[in-house]
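Numbering (this note's numbering), first residue to last: 3 to 69.
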């Protein structure tokens with residue numbers, strides 16, 4: 003499962019994203035970081051252009067929508 007899938011399922015805290023980034027940095031995975039994390043282009047843009055907090059808020063809205 004990707005970071006996003008696990009986060010939305012409530013399995014991991016948002017801060018776990020750092021571990022996923024580190025894992026990707028030291029892997030031979032051919033996917034982009036965005037793909038590895040399971041983010042879509044809009045989520046990636048918010049994360050890069052705004053902040054971790056903005057991405058967390060966006061994902062939290064999706065999590066609420068699933069409840």
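Idealized CB from N, CA, C, for every residue including glycine.
| For residue 8 and residue 14, the rounded distance between their alpha carbons | What you label residue 14 is simply residue 12 of the chain shown in a count that begins at 1. What you label residue 8 is simply residue 6 of the chain shown in a count that begins at 1. So the two alpha carbons sit approximately 6 Å from each other.
| residue 39: buried (16+ other C-beta within 10 angstroms of its C-beta) or exposed? | Within the chain shown, the letter at position 37 stands for residue 39. Residue 39 should be labelled buried.
| Minimum C-alpha distance to residue 22 - residue among 5, 50 and 57 | Locating residue 22 in the chain shown gives position 20, counting from the first residue. Closest by alpha carbon: 5.
| Where the alpha helix (DSSP H) through residue 27 begins and ends | Walking along the chain shown from the start, residue 27 turns up at place 25. It spans 19-27 - the alpha helix (DSSP H) in which residue 27 sits, taken as one unbroken run.
| query | For residue 32, does the count of other Cβ atoms within 10 angstroms reach 16, so buried, or fall short, so exposed? | reply | Indexing the chain shown from 1 puts residue 32 at position 30. Residue 32 comes out exposed.
| Apart from the five residues just before and just after residue 43, which ones in its own chain have a Cβ nearer than 8 Å to its Cβ? | Position 41 of the chain shown, counted from the first residue, corresponds to residue 43. These residues qualify, in order along the chain: 36.
| said: Just to confirm the assignment, what range does the alpha helix (DSSP H) spanning residue 43 have? | reply: For this step, residue 43 is matched to residue 41 along the chain shown. Where residue 43 is concerned, the enclosing alpha helix (DSSP H) stretches over 43-51.
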